[in-house]
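Asker:
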């Protein structure tokens, strides 16, 4: 069984969830920072823990958070994911007040692209909200937290009463079987409204009043918004789910298609079937095997090899994007740099497989992405009993008092409260950490390991420069009622 602390160093807590904690960590081998979602199995009674893992393994889209590695122990599951260098959409809008239509359109198109991809894969998020949408410094959007997500078959109805109150569709609040993709469409409408107004369309001092507002389907829209935008918001928040459009239909709406810009390519960040030879060669000098690298990427094993390759590739692309400053040199005596030149390539060696202390990784799950054939994934069906909501607490958000559960950072949230059977497992979350969760000492890398990735980037940029890089006040309001 893998030891998480042998590969990563925990730095600080950056978020909390209902049964999980998100930590900032550093990958020991590459020095890259990653986000780690640490889930305690004994506390995750609301939704099967492996459900989120399986959904993230399936997803491979530029606007969906990338899963790099999965480490499972007896008590915990660690999801190692890319670190988004930005802020949540909620914080982004709170700082700005609200977004102009052009900026909102650019962000919303990325959300549409990601959700259209998810729905084509049968993935339903069920908890889209500004807190679960990250906006990076370059304006790129990333959807995070698939903890309440699930996979559905065409026509399948869902029954789980979950989500966040101000973003919940009427059919969910009525506790009726619902169409998963259609509730995501409703939520996209609430998110779009929040982006262009800085407020949620439904807001009240109590849960009961809030539910009545949503079921009535009446909300205010500022008159400063364009006619096309008001029409789109009305379509997205159509009370009758049968009349609500699909994401694919929303993508051709006049407001969405206005101006320049294209939708992100769903396969832009798809894991390559063949790894970059230069990166493979560099990884070979620290103990990775070329065949293991190729197998890990092709089969999407989400192991140490796959994580190291992805993190190293990201570092090299960043290095190549930086402007190159000319260094004075004497061309008559300066040799062409080589990966095997020990004077320019100081790397610590990764322990070989034959050493008794090596960590062997097991990864059985293989997912299908964009038509790639992999092992068969089991079907999951849901049959949920009627349950009540968690105790609610109050918090201040956007100058209004809201009620929420402790698992939601900003606004109301509701989750099923199926209490686990009393057993020894119920106390695991309150006991001291076991040996598997305690940090272990580093495996004794040479002193030069700290800057080895920067050196790889420098050498590879000279060897193969062709590596591509990726590219407040509100005036007059009119009262509207969504289509029934």
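Numbering (my numbering), first residue to last: -14 to 469. Note that CB positions come from ideal geometry on N, CA and C, so glycine has one too.
1) Among 271, 298 and 270, which has the Cα closest to the Cα of residue 282?
2) Run through the DSSP bridge pairs and tell me what residue 137 is partnered with.
3) If we call anything under 8 Å between Cβ atoms a contact, is residue 214 one with residue 181?
4) Using the Cβ count rule (16 or more neighbours within 10 Å means buried), how would you classify residue 271?
5) What's the call for residue 89, buried or exposed, on a 16-neighbour Cβ count within 10 Å?
6) For the alpha helix (DSSP H) containing residue 281, list its first residue and its last residue.
7) Reducing DSSP to helix, strand and coil, say where residue 476 ends up.
8) When you compare each of 166, 274, 269 and 240 to residue 229 by their alpha carbons, which one comes out closest?
9) On the three-state DSSP scale, how would you describe residue 70?
10) How long is the line joining the alpha carbons of residue 13 and residue 136, rounded to whole angstroms?
11) Among 197, 201 and 69, which one has its Cα closest to the Cα of residue 123?
12) Cα separation between residue 86 and residue 67?
13) Where residue 103 and residue 184 are concerned, what is the direct C-alpha to C-alpha distance, given to the nearest angstrom?
14) Would you kindly check if the distance between the Cβ of residue 26 and the Cβ of residue 72 is under 8 Å?
15) So what does residue 111 bridge to, in DSSP terms?
16) Taking just the CA atoms, how far does residue 5 sit from residue 187?
17) Taking buried to mean at least 16 other C-beta atoms within 10 Å of its own C-beta, is residue 154 buried or exposed?
18) Around the C-beta of residue 1, are 16 or more other C-beta atoms found within 10 angstroms, so that it is buried, or is it exposed?
19) Which residues in the same chain have their Cβ closer than 8 Å to the Cβ of residue 53, if we skip the five residues on either side of it in sequence?
20) Using only the alpha-carbon positions, how far apart do residue 239 and residue 84 sit?
21) Between the C-alpha atoms of residue 381 and residue 274, what's the straight-line distance to the nearest angstrom?
22) Going by the beta-carbon positions, is the gap between residue 226 and residue 164 smaller than 8 Å?
23) Assuming residue 56 and residue -13 are in contact, meaning their beta carbons sit under 8 Å apart, how far apart are those beta carbons, in whole angstroms?
24) Let me know if residue 108 comes out buried or exposed under the rule of 16 or more other beta-carbons within 10 Å of its beta-carbon.
25) To the nearest whole angstrom, what separates the beta carbons of residue 199 and residue 111, a pair I think is in contact under 8 Å?
26) Between the beta-carbon of residue 96 and the beta-carbon of residue 126, is there less than 8 Å?
27) Keeping to the same chain, check which residues put their C-beta closer than 6 Å to that of residue 99; ignore five residues upstream and five downstream.
28) Have a look at 94, 92 and 175 and flag the residue whose alpha-carbon is nearest the alpha-carbon of residue 113.
29) Which residues mark the beginning and the end of the alpha helix (DSSP H) in which residue 90 is found?
30) Does DSSP put residue 175 in a helix, in a strand, or in coil?
31) Under DSSP, the beta strand (DSSP E) around residue 213 begins and ends at which residues?
32) At what residues does the alpha helix (DSSP H) containing residue 195 begin and finish?
33) For the alpha helix (DSSP H) containing residue 156, list its first residue and its last residue.
34) In whole angstroms, what is the alpha-carbon distance linking residue 352 and residue 210?
35) Taking the CB atoms as reference points, tell me whether residue 241 and residue 247 lie closer together than 8 Å.
Answerer: The relevant details are as follows:
1) Of the listed residues, the one whose Cα sits closest to residue 282 is 298.
2) Bridge partners of residue 137: none, in fact.
3) With contacts defined by Cβ atoms closer than 8 Å, residue 214 and residue 181 form a contacting pair.
4) By the 16-neighbour rule on beta-carbons within 10 angstroms, residue 271 is buried.
5) Buried: at least 16 other Cβ atoms inside 10 Å.
6) Where residue 281 is concerned, the enclosing alpha helix (DSSP H) stretches over 275 to 283.
7) Because the chain in this structure spans residues -14 to 469, residue 476 falls outside the shown range and cannot be described.
8) The residue with the shortest Cα to Cα distance from residue 229 is 166.
9) Residue 70 sits in coil when the DSSP states are folded into three classes, being neither helix nor strand.
10) So the alpha carbons of these two residues sit roughly 34 Å apart.
11) Residue 123 has its Cα closest to that of 69, out of 197, 201 and 69.
12) Looking at the backbone, the Cα of residue 86 and that of residue 67 are separated by about 29 Å.
13) Each residue's alpha carbon lies about 27 Å from the other.
14) No; because the gap between Cβ atoms is not below 8 Å, this pair is not in contact.
15) Its beta-bridge partners do not exist; DSSP assigns none.
16) If I take the Cα positions, the gap works out to 28 Å.
17) Using a 10 angstroms sphere on the CB of residue 154, the tally of other CB atoms reaches 16 or more, which defines it as buried.
18) Residue 1 should be labelled exposed.
19) So the qualifying residues of the chain are 19, 65, 66, 67, 287, 291, 292, 295 and 296.
20) Straight-line Cα distance between these residues: approximately 19 Å.
21) The predicted model places residue 381 with a pLDDT of 41, which falls under 50 and marks its position as unreliable, so this point remains unresolved.
22) In this structure, residue 164 lies closer than 8 Å to residue 226 by Cβ.
23) Indeed, because the Cβ distance is near 5 Å, the residues count as touching under 8 Å.
24) Classification of residue 108: buried, given that the 10 Å Cβ count is 16 or more.
25) Not confirmed; about 16 Å, so no contact.
26) Contact: yes.
27) 46, 48, 49 and 128, listed in sequence order.
28) It is 175.
29) Run containing residue 90: 86 to 105, per the alpha helix (DSSP H) assignment.
30) Residue 175: helix per DSSP, three-state reduction.
31) First-last for residue 213: 212 to 221, but that is the alpha helix (DSSP H), not the beta strand (DSSP E).
32) First-last of the alpha helix (DSSP H) with residue 195: 192 to 201.
33) For residue 156, the enclosing alpha helix (DSSP H) covers residues 155 to 158.
34) For residue 352, the pLDDT reaches just 40, beneath the cut-off of 50, and the residue's location in the model is therefore unreliable, although a value from the coordinates is still provided. Roughly 43 Å between the two C-alpha positions.
35) Cβ distance not < 8 Å, so residue 241 and residue 247 don't count as in contact.
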